[in-house]
Every structure is written in C-alpha cells, then in structure tokens.
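Worksheet: the structure to be examined is printed underneath.
Number of protein chains: 2
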Amino acid sequence: MLGRVNHVAIAVPDLASATTSYRTTLGATVTEPQALPEHGVTVVFVTLPNTKVELLEPLGDASPIAAFLAKNPSGGMHHICYEVEDIIAARDTLKASGARVLGDGEPKIGAHGKPVLFLHPKDFQGTLIELEQV
Amino acid sequence: MLGRVNHVAIAVPDLASATTSYRTTLGATVTEPQALPEHGVTVVFVTLPNTKVELLEPLGDASPIAAFLAKNPSGGMHHICYEVEDIIAARDTLKASGARVLGDGEPKIGAHGKPVLFLHPKDFQGTLIELEQV
Numbered sequence: 001m002l003g004r005v006n007h008v009a010i011a012v013p014d015l016a017s018a019t020t021s022y023r024t025t026l027g028a029t030v031t032e033p034q035a036l037p038e039h040g041v042t043v044v045f046v047t048l049p050n051t052k053v054e055l056l057e058p059l060g061d062a063s064p065i066a067a068f069l070a071k072n073p074s075g076g077m078h079h080i081c082y083e084v085e086d087i088i089a090a091r092d093t094l095k096a097s098g099a100r101v102l103g104d105g106e107p108k109i110g111a112h113g114k115p116v117l118f119l120h121p122k123d124f125q126g127t128l129i130e131l132e133q134v
Numbered sequence: 001m002l003g004r005v006n007h008v009a010i011a012v013p014d015l016a017s018a019t020t021s022y023r024t025t026l027g028a029t030v031t032e033p034q035a036l037p038e039h040g041v042t043v044v045f046v047t048l049p050n051t052k053v054e055l056l057e058p059l060g061d062a063s064p065i066a067a068f069l070a071k072n073p074s075g076g077m078h079h080i081c082y083e084v085e086d087i088i089a090a091r092d093t094l095k096a097s098g099a100r101v102l103g104d105g106e107p108k109i110g111a112h113g114k115p116v117l118f119l120h121p122k123d124f125q126g127t128l129i130e131l132e133q134v
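Chain order of the listed sequences is A and B. Be aware that the first sequence starts at 1, since it is given in full-length UniProt numbering, and climbs by one per residue. Be aware that the second sequence starts at 1, since it is given in full-length UniProt numbering, and climbs by one per residue.
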C-alpha cells in the first residue's frame, strides 16, 4: 500500500526564522511561502533530491497545528505523508484492519490539490500519518 | 549542504507490534530486526521507493531513545537524517553559523557504518537532525 514518502511536515512557530535555518544555515532550497487559508497554514517546501520537507506555520484562528504548537512551542515533526495509488482502496483496507481514519473518513483535497486522509496516531506508534493519492 | 533524506526515525515501545503495523496494516516491506547494542537500539527498516523509515526500540539500560519514550509512551517521530557529502565541512559551517552539534562535536560511526552527527533540536525548530556522510 505505502508508496513514496511524499513529505515530512514540521510545525514551526515562526516561518521566516525556520526558512532562514533551512536556507542559510543548512544550505537547502526553500520555496517562497504560500498561504493556504483553507488548510489553516502557511507553508514553504524544503526541496531535497528524493523528497521534500514542509515547514508549516499556523494561519488563522482554527489552525490544525495550533494544538501541536501549544504542546511543542519550539515546533517539531508533525506528520509524515506517504503516497498511495488508490486512497479509497487504502482507506477500506485500513478500516477493515481496525485502523482509525480521522474525520468523517472521506478523503479531502489536501494542500497539493490531491485527495488525502489522516490516520489516528494512536494506531501507528504515536505518528500522525497522511496518505495522499498521486 | 543537505542532500537526500536518508531516513526518518520513529521511536516505538514495541518493535514487534510496530512491525506488524507497517508490514501487515500498511502493506510495506519491513526488514528483520537488527540489535545494535553499541547504539542502544534494535532497528527495523521500512523500505520505501525513495527513502526509508527506521523503527527504533530501546535496547539495554542506557538507550538514547529511552527519555523520548518516557515522554512519549506511544512512540513518535524521533529524528530525520539528511545525507551530506563532507561531514567535517558541514559541521564547521554549522558551528560557524552558531548551530550546536551534540556531544563532543566529533562524528561517530552511526548505525549504517557511516560518520554521523546530531544537531541540537533547539536550533532547528524542535527537530532532532542527524547528518550522515555518504
């Protein structure tokens, strides 16, 4: 079921400072910030040869990463996103095995314009897993 | 400086159960466990098309992941490892920019037999970064 690691997402309290860390200190290519109000985040991509890291800053009053940052004020690794070929088939297989899909179980259109689902971290060793159909 | 994402490491309290999650529930290829007493962990690799995920279980009394698991009993994402071409040059550049290298600042031979260093999470938005020379 699992394909490529599409991205690793890191929640950060200050996107400008995080961009400087990755671009200047670590010498990586970092894209310009994109505000995604419908997802409650502003994002930049750290482009690496085999995958990408997304740095996420909360945007608006109901950001999905606000609670994580309240618990981890410096920031931290928030989720890992794997590609799947068929997200409905993946969901149905996972649900049949007892894994919990977050929300109403229906794929949403994610930050990359593709259907995504999130799996309950309690079912996967404390790791929030996003599945993205590519 | 940053090259490929070599791996994402997830600390888990029970490697057998985590292996079942990734192999059976998520349908990924998972290697057989390797005990690495000199690193204080037992590890399996989840092999993905573009990178790998390492699942780490504490081994012995002084495991470097014991404190993390005490704070996160279900487990969680522990660090991300980037490849660099020259770890001494990378270290010197990072130190000159004010970033802190953990330990005595000298590369150690990591779990893959290559020289590695860890960077202080407080300098990188709460993310523990490993650099591995490849």
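Beta carbons: idealized from backbone N, C-alpha and C, even for Gly.
Local Cβ density within 10 Å of residue i, reported as buried at 16 or more and exposed below that
{"i": "residue 120 of chain A", "result": "exposed"}
{"i": "residue 126 of chain A", "result": "buried"}
{"i": "residue 28 of chain B", "result": "buried"}
{"i": "residue 8 of chain B", "result": "buried"}
{"i": "residue 80 of chain A", "result": "buried"}
{"i": "residue 96 of chain B", "result": "exposed"}
{"i": "residue 71 of chain B", "result": "exposed"}
{"i": "residue 122 of chain B", "result": "exposed"}
Residues near residue i by beta carbon distance below 7 angstroms, same chain, minus five either side
{"i": "residue 110 of chain A", "result": "116, 132"}
{"i": "residue 15 of chain A", "result": "33, 42, 44, 55, 57"}
{"i": "residue 92 of chain A", "result": "none"}
Limits of the alpha helix (DSSP H) - the one that residue i falls within
{"i": "residue 47 of chain A", "result": "Looking at the DSSP string, residue 47 of chain A is not in any alpha helix (DSSP H); the run it does join, the beta strand (DSSP E), is 41–47."}
{"i": "residue 94 of chain B", "result": "87–96"}
{"i": "residue 15 of chain B", "result": "15–20"}
{"i": "residue 68 of chain A", "result": "66–71"}
Residue from the options whose Cα sits closest to the Cα of residue i
{"i": "residue 148 of chain B", "options": "A/90, A/11, A/124", "result": "For chain B, the structure presents residues 1 to 134; residue 148 of chain B sits outside this window and is missing."}
{"i": "residue 47 of chain A", "options": "A/62, A/71, A/31", "result": "A/31"}
{"i": "residue 35 of chain B", "options": "B/60, B/19, B/50, B/18", "result": "B/60"}
{"i": "residue 40 of chain B", "options": "B/62, B/50, B/98, B/20", "result": "B/62"}
{"i": "residue 84 of chain A", "options": "A/104, A/129, A/71", "result": "A/129"}
{"i": "residue 107 of chain A", "options": "A/99, A/122, A/87", "result": "A/87"}
Close beta carbons around residue i, own chain, < 6 angstroms, minus the five adjacent residues each side
{"i": "residue 22 of chain A", "result": "28, 30, 46"}
{"i": "residue 11 of chain B", "result": "56, 65, 68, 69, 75, 78"}
{"i": "residue 4 of chain B", "result": "83"}
{"i": "residue 18 of chain A", "result": "12, 55"}
Alpha carbon of residue i to alpha carbon of residue j, nearest angstrom
{"i": "residue 50 of chain B", "j": "residue 82 of chain A", "result": "11 angstroms"}
{"i": "residue 1 of chain A", "j": "residue 101 of chain A", "result": "15 angstroms"}
{"i": "residue 94 of chain A", "j": "residue 25 of chain B", "result": "6 angstroms"}
{"i": "residue 103 of chain A", "j": "residue 104 of chain B", "result": "46 angstroms"}
{"i": "residue 90 of chain B", "j": "residue 20 of chain A", "result": "16 angstroms"}
{"i": "residue 53 of chain A", "j": "residue 53 of chain B", "result": "15 angstroms"}
{"i": "residue 73 of chain A", "j": "residue 38 of chain A", "result": "23 angstroms"}
{"i": "residue 6 of chain B", "j": "residue 112 of chain A", "result": "23 angstroms"}
Host beta strand (DSSP E) of residue i (start-end)
{"i": "residue 52 of chain B", "result": "52–58"}
{"i": "residue 35 of chain B", "result": "34–36"}
{"i": "residue 131 of chain B", "result": "129–133"}
{"i": "residue 118 of chain A", "result": "115–119"}
{"i": "residue 77 of chain B", "result": "76–84"}
{"i": "residue 62 of chain B", "result": "Unbroken run through residue 62 of chain B: none, as it is neither H nor E."}
Sequence-distant residues of its chain with Cβ nearer than 8 angstroms to residue i (five each side left out)
{"i": "residue 114 of chain B", "result": "132, 133, 134"}
{"i": "residue 99 of chain B", "result": "119, 120, 123, 124"}
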